[in-house]
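Note that the sequence shown covers residues 7 to 331 in my numbering. Backbone N, C-alpha and C fix where the C-beta goes; we use that ideal spot for every residue, glycine too. Below is one structure, written out as structure tokens; comments come after it.
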Amino acid sequence: MAMAVFRREGRRLLPSIAARPIAAIRSPLSSDQEEGLLGVRSISTQVVRNRMKSVKNIQKITKAMKMVAASKLRAVQGRAENSRGLWQPFTALLGDNPSIDVKRSVVVTLSSDKGLCGGINSTVVKVSRALYKLNAGPEKEVQFVIVGEKAKAIMFRDSKNDIVLSVTELNKNPLNYAQVSVLADDILKNVEFDALRIVYNKFHSVVAFLPTVSTVLSPEIIEKESEIGGKLGELDSYEIEGGETKGEILQNLAEFQFSCVMFNAVLENACSEMGARMSAMDSSSRNAGEMLDRLTLTYNRTRQASITTELIEIISGASALEAAK
């Protein structure tokens, strides 16, 4: 009996329901707006989670790079300290006069092939440009020899015409004196100079390095300065054994001095690079940790706000149902 009454009532109400326009029961919002409102909470938390994941990955990479730089620094630091004994006798004998005034100067700039090592590359480039301004003139010539990809990329912008030789990937293999002496020989064959000025970063500690300029004079300038007097005038007090002349002795001394100075400079610059990279990666790891803490706080606040909003909606719906009864 009850089911028959329900069927009669259903048939009576069906025409009125079907007669209502479809547009009247549609939502006033478009589908995109509905999806945006429904997914706003999940999207915001998802974005924060993705950012946290990327920051964690970056922190892992920076920590790994710091450990790699520390390992390489330990391997090359002892060799750099031992190489200082090669050029010190030449400094005691021939001196080191960076302010000498000559017509032809060649600035040898040592830099790294890779970045992420602080400002060591920009520092040697600034010193090289300062040397160019000090030694350039109407009757003077200043040229550059670039060692390292980073200094090459910077110097090619405004000093391309003054670069006579560029060498990259020098540190690809473990550095040794034979490798550096070949590089020094190539430089001597490709340039004509009165003074070679090697610009590099001298290693002091992991967090400290000093831009340094070492000067190597040509045999003609050494002989000329020894005739004038001063420190180089003491060369005449030495006896020359064998059949070599004074000019040949000075030529050999100048070439050997340049190779020794270059060997020490390359090792010192490599130590400075690894120390600067360790410091930079340590700072990056700490910054990533601080950013991760801020993102975690933001994520927790966003998640708590969404939970609170959902609870308010549930309670409001329950209250509305109670009021409807």
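Could you check the C-alpha separation between Gly-295 and Ala-81 for me, to the nearest Å? Residue mapping note: residue 295 aligns to position 289 of the sequence shown, counting from 1. Residue mapping note: residue 81 aligns to position 75 of the sequence shown, counting from 1. So the alpha carbons of these two residues sit roughly 29 Å apart.
Fully enclosed by the region 153-238, which alpha helix (DSSP H) runs are 4 residues long or longer? The qualifying runs are 155-164, 183-196, 225-234.
Please state whether DSSP places Lys-146 in a helix, a strand or coil. As a working note, residue 146 is residue 140 in the sequence shown. If DSSP states are grouped into helix, strand and coil, Lys-146 belongs with the strands.
With 16 as the cutoff for other CB atoms within 10 Å, does Met-334 come out buried or exposed? For residue 334 there is no data in the structure shown, the boundaries of the chain being 7 and 331.
Assess, as a yes-or-no matter, whether the region 168-182 is touched by the region 263-282 under the definition of 3 or more beta carbon pairs within less than 8 Å. In this structure the region 263-282 touches the region 168-182; the number of beta carbon pairs closer than 8 Å is three or more.
Presumed contact (8 Å Cβ cut-off) between Ala-282 and Gly-124, rounded CB distance: As a position in the sequence shown, residue 282 is number 276, starting the count at 1. As a position in the sequence shown, residue 124 is number 118, starting the count at 1. Under the criterion of beta carbons closer than 8 Å, Ala-282 and Gly-124 qualify as touching, at roughly 4 Å.
Looking at the secondary structure, which residues open and close the alpha helix (DSSP H) in which Ser-118 lies? Translated into positions along the sequence shown, residue 118 becomes position 112. Per DSSP, Ser-118 lies in no alpha helix (DSSP H) segment and is marked neither H nor E.
Within 7 Å, strictly: CB atoms of Asn-127 and Lys-156: Along the sequence shown, read from residue 1 onward, the residue named residue 127 stands at position 121. Along the sequence shown, read from residue 1 onward, the residue named residue 156 stands at position 150. Yes.
Start and end residues, alpha helix (DSSP H) containing Lys-252: As a first step, residue 252 is located in the sequence shown; it is residue number 246 there, counting from the start. Unbroken alpha helix (DSSP H) run through Lys-252: 252-330.
By Cβ distance, which residues of its chain are closer than 6 Å to Ser-89, with the 5 residues on each side in sequence left out? Here residue 89 corresponds to residue number 83 of the sequence shown, with the count starting at 1. Excluding residues within five positions, the ones whose Cβ falls inside 6 Å are Phe-269, Asn-270, Leu-273.
Residue interval of the alpha helix (DSSP H) (run including Val-108): Within the sequence shown, the letter at position 102 stands for residue 108. That residue, Val-108, is in no alpha helix (DSSP H); it is neither H nor E in DSSP.
Just the Cα atoms here: how many angstroms apart are Val-188 and Val-267? Along the sequence shown, read from residue 1 onward, the residue named residue 188 stands at position 182. Along the sequence shown, read from residue 1 onward, the residue named residue 267 stands at position 261. Pairing Val-188 with Val-267, the inter-Cα distance amounts to about 13 Å.
Could you spell out where the alpha helix (DSSP H) holding Leu-137 opens and where it closes? In the sequence shown, residue 137 corresponds to position 131, counting from 1. Unbroken alpha helix (DSSP H) run through Leu-137: 126-141.
Going by C-alpha distance, which of Glu-147, Gly-101, Thr-315, Gln-185 is nearest Val-222? In the sequence shown, counting from the first residue as 1, residue 222 sits at position 216. Closest by alpha carbon: Gly-101.
According to DSSP, residues forming a beta bridge with Val-114: Walking along the sequence shown from the start, residue 114 turns up at place 108. Answer is Val-151, Ile-204.
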